[in-house]
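Enquirer:
2 protein chains.
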Amino acid sequence: MPRISDKRERLISAADALIHRQGFYRTTLADIAEEAKVPLGNVYYYFKTKEDICKAVVTERKQSLSNMLKSCCRRSEPMDALMNLIKVMIGHSRELAESGCPLGGLCQELDEECGELMDCADSCMKYLVDWSTEQFRLMGLKQAEELGFEFVSRIQGVILLGNILNDPRRLKQQLKAVAEWITELDPDYREEERAAA
Amino acid sequence: MPRISDKRERLISAADALIHRQGFYRTTLADIAEEAKVPLGNVYYYFKTKEDICKAVVTERKQSLSNMLKSCCRRSEPMDALMNLIKVMIGHSRELAESGCPLGGLCQELDEECGELMDCADSCMKYLVDWSTEQFRLMGLKQAEELGFEFVSRIQGVILLGNILNDPRRLKQQLKAVAEWITELDPDYREEERAAA
DNA sequence: GTCTATATGTTGATAGAC
DNA sequence: GTCTATCAACATATAGAC
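Protein sequence lines correspond, in order, to chains A and B.
Residues 4 to 200 (the working numbering) make up the first sequence, in order.
Residues 4 to 200 (the working numbering) make up the second sequence, in order.
Right, here's the structure in full:
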């Protein structure tokens, strides 16, 4: 019996996966407990309510998103940062087509009546939009706010439709089209790429 | 007491609104019955299961979508048909920002385990994609399939993000940006518009 | 066709032994 | 900290009077 149990992490991890695959409301505590191999009653030692588990999941996703975005920025020009993000998503195109965007899906499921939890999830999406906007701003583009919104909305739309139509190939192809669109925003980009090669 | 009751229609209408606002799983039969002012037990005279109500809602939405698309096409060139569709959405930007897309939201909520119901909902989205693709094809554009997917995914993304960020103004502005994008696909379009004016 | 009452099953949450 | 047993609330669905 380990002094420091990993049950809490297992529960969050299980909830994360299940909420992604089935959504928050369809996922029961029994589902989570079973997936995490933790007895149902024991769940309440770690989390006061089901909502609390979800909040922990969102917190972890926000951290994970933050790490990903920082990693995209590292040693990269703003446009390349955006491209890096798309590359990451292309790498996950199969899961995205399978279960949609973990962030977008959850945000849509939650509404005002979910209170704090919705704010928590929505703030992740805002974070992504703000980050994207900042990249466009750093690129010196006018209307960076519009572009940031457009960038994220295009990605979200592609994932949503790729999921609904269950078409990872098209999802991937359309993510590339978004990347292509970005390069066209900076006329010099292609020449720079060629020069660097 | 009317010989032909409108209870069935009231139930579908109530379910339609509630599913749009709250989603399918969060909406209970009691909610629907109350909104439709029909006693709970009586619901089962009209629908065998909750799933059946949702199927009726989807069927109605599909019919409504079909009417809308036909109306967009009537007396219009393919590009104008696409523009008409966007105009309709712009007219609904407030509700779309409030509760998201009735079609996209439901499709995302349902997955393989929902069986027939998911197929039903997804077929609506496919229908929209196919219609859009057909417009691009009629415009004589290469890669009409890619464009059809891109068109719908952009609209879905804009609605999703407009809903999450609760920003009807930006939603409207971004729908216009999609319209702008379409016009740029046909270099002659603007001149034609000007000539027609 | 309509409605009340209720069966049946599931879910989130708790109590309390260990 | 852990786990079993169970509660209370709610949801879908049914039975049966009218």
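Just so you know, even glycine gets a beta-carbon here, dropped at the ideal spot from N, CA and C.
Since the model is a prediction, treat every value here as computed from it, not as a measurement.
Cα separation between residue 64 (chain A) and residue 106 (chain A)?
Expert: In the first sequence, residue 64 (chain A) corresponds to position 61, counting from 1. In the first sequence, residue 106 (chain A) corresponds to position 103, counting from 1. Computed Cα separation, rounded: 8 Å.
Enquirer: For chain B, find out if any of its Cβ atoms is closer than 7 Å to the Cβ of residue 22 (chain A); answer yes or no.
Expert: Translated into the one-based positions of the first sequence, residue 22 (chain A) becomes position 19. Residue 22 (chain A) does not count as touching chain B.
Enquirer: For a cutoff of 7 Å on Cβ pairs, would you count residue 156 (chain A) as touching chain B?
Expert: If you number the first sequence from 1, residue 156 (chain A) lands on position 153. By this cut-off, residue 156 (chain A) is an interface position.
Enquirer: Can you give the Cα-Cα distance for residue 94 (chain B) and residue 86 (chain A), rounded to whole angstroms?
Expert: Locating residue 94 (chain B) in the second sequence gives position 91, counting from the first residue. Locating residue 86 (chain A) in the first sequence gives position 83, counting from the first residue. Taking the straight line from one Cα to the other gives about 34 Å.
Enquirer: Using Cβ-Cβ distances below 8 Å, what residues of the region 121-151 of chain A are close to chain B?
Expert: 125, 128, 129, 132, 149
Enquirer: Cβ of residue 160 (chain A) less than 7 Å from any chain B Cβ?
Expert: Residue mapping note: residue 160 (chain A) aligns to position 157 of the first sequence, counting from 1. Interface criterion met: the Cβ of residue 160 (chain A) is under 7 Å from a Cβ in chain B.
Enquirer: Might you give, ordered along the chain, the residues of its own chain that have their beta carbon closer than 7 Å to the beta carbon of residue 140 (chain B), omitting 5 neighbours on each side?
Expert: In the second sequence, counting from the first residue as 1, residue 140 (chain B) sits at position 137. Correct list, in chain order: 147.
Enquirer: Okay, do the region 13-21 of chain A and the region 35-46 of chain A touch, 3+ Cβ pairs below 8 Å being the bar?
Expert: yes
Enquirer: With a threshold of 6 Å on Cβ separation, who are the neighbours of residue 138 (chain B) within its own chain once the five nearest residues in sequence on each side are excluded?
Expert: On the second sequence, position 135 is the one that residue 138 (chain B) refers to. 81, 84, 85.
Enquirer: Expressed to the nearest angstrom, what Euclidean distance is found between the alpha-carbon atoms of residue 48 (chain A) and residue 189 (chain A)?
Expert: As a first step, residue 48 (chain A) must be located in the first sequence, where it is residue number 45. As a first step, residue 189 (chain A) must be located in the first sequence, where it is residue number 186. Straight-line Cα distance between these residues: approximately 54 Å.
Enquirer: Drop a sphere of 10 angstroms on the beta-carbon of residue 122 (chain A), count the other beta-carbons inside from all chains shown, and report buried for 16 or more, exposed for fewer.
Expert: As a first step, residue 122 (chain A) is located in the first sequence; it is residue number 119 there, counting from the start. It is exposed - the Cβ of residue 122 (chain A) has fewer than 16 other Cβ atoms within 10 Å.
Enquirer: Let me know the alpha helix (DSSP H) ranges lying completely inside the region 17-46 of chain B, each 4 residues or longer, listed in chain order.
Expert: 32-39
Enquirer: Note down the Cα distance separating residue 118 (chain B) from residue 144 (chain A), rounded to an integer number of angstroms.
Expert: Within the second sequence, the letter at position 115 stands for residue 118 (chain B). Within the first sequence, the letter at position 141 stands for residue 144 (chain A). Their backbone Cα atoms lie some 47 Å apart in a straight line.
Enquirer: Using C-beta distances below 8 Å, list every residue in its chain close to residue 112 (chain B), excluding the 5 sequence neighbours before and after it, in chain order.
Expert: Within the second sequence, residue 112 (chain B) is the residue found at index 109, counting from 1. Answer for residue 112 (chain B): 26, 27, 28, listed in chain order.
Enquirer: If contacts are defined as beta-carbon pairs under 8 Å, then residue 160 (chain A) and residue 132 (chain A) qualify, I think. What distance do you get, rounded to the angstrom?
Expert: Translated into the one-based positions of the first sequence, residue 160 (chain A) becomes position 157. Translated into the one-based positions of the first sequence, residue 132 (chain A) becomes position 129. Going by Cβ atoms, the distance from residue 160 (chain A) to residue 132 (chain A) rounds to 14 Å, so no, they are not a contact pair.
Enquirer: What ranges does the alpha helix (DSSP H) occupy inside the region 119-194 of chain A, keeping only unbroken runs of at least 4 residues that lie completely in it?
Expert: You should have 119-141, 147-167, 171-188.
Enquirer: Could you pull out every residue in the same chain whose Cβ sits closer than 7 Å to the Cβ of residue 173 (chain A), ignoring the five residues on either side in sequence?
Expert: If you number the first sequence from 1, residue 173 (chain A) lands on position 170. Only 165 meet the Cβ criterion.
Enquirer: If I measure Cβ to Cβ from residue 79 (chain B) and keep anything under 7 Å in the same chain, skipping five residues before and after, which residues do I get?
Expert: Taking the second sequence and counting its residues from 1, the one referred to as residue 79 (chain B) is at position 76. Excluding sequence neighbours, residue 79 (chain B) sits near 87.
Enquirer: In the DSSP assignment, find the alpha helix (DSSP H) that holds residue 97 (chain A) and state where it starts and stops.
Expert: Looking up residue 97 (chain A) in the first sequence gives position 94. 96-102 is the span of the alpha helix (DSSP H), which, as asked, contains residue 97 (chain A).
Enquirer: Using 8 Å for Cβ pairs, my map puts residue 158 (chain B) next to residue 92 (chain B). What's the rounded Cβ distance?
Expert: Residue mapping note: residue 158 (chain B) aligns to position 155 of the second sequence, counting from 1. Residue mapping note: residue 92 (chain B) aligns to position 89 of the second sequence, counting from 1. Taking the Cβ atoms as the reference, residue 158 (chain B) lies roughly 7 Å from residue 92 (chain B), within the contact range of under 8 Å.
Enquirer: If distances are taken between C-alpha atoms only, which option among A:184, A:11, A:162 comes closest to residue 45 (chain A)?
Expert: Walking along the first sequence from the start, residue 45 (chain A) turns up at place 42. Comparing Cα positions, the closest option is A:11.
Enquirer: How would you list, in chain order, the residues of chain A whose beta-carbon sits under 8 Å from the beta-carbon of residue 28 (chain B)?
Expert: Residue 28 (chain B) sits at position 25 when you count from the first residue of the second sequence. Chain A residues near residue 28 (chain B): 26, 28, 29.
Enquirer: Output the boundary residues of the alpha helix (DSSP H) element that contains residue 52 (chain A).
Expert: By 1-based counting over the first sequence, the position of residue 52 (chain A) is 49. Element bounds for residue 52 (chain A): n/a, residue is neither H nor E.
Enquirer: Would residue 155 (chain B) and residue 126 (chain B) qualify as a contact pair, given that the criterion is a beta-carbon distance under 7 Å?
Expert: For the purposes of this step, residue 155 (chain B) is identified with residue 152 of the second sequence, where counting begins at 1. For the purposes of this step, residue 126 (chain B) is identified with residue 123 of the second sequence, where counting begins at 1. Against a cut-off of 7 Å, the Cβ pair of residue 126 (chain B) and residue 155 (chain B) comes out as no contact.
Enquirer: Indicate the three-state DSSP secondary structure (helix, strand or coil) for residue 7 (chain B) in the structure shown.
Expert: By one-based count along the second sequence, residue 7 (chain B) stands at place 4. Here residue 7 (chain B) sits in coil by DSSP.
Enquirer: Give every residue of the same chain whose Cβ lies closer than 7 Å to the Cβ of residue 33 (chain A), excluding the five residues on either side of it in the sequence, and list them in chain order.
Expert: Locating residue 33 (chain A) in the first sequence gives position 30, counting from the first residue. Excluding residues within five positions, the ones whose Cβ falls inside 7 Å are 43.
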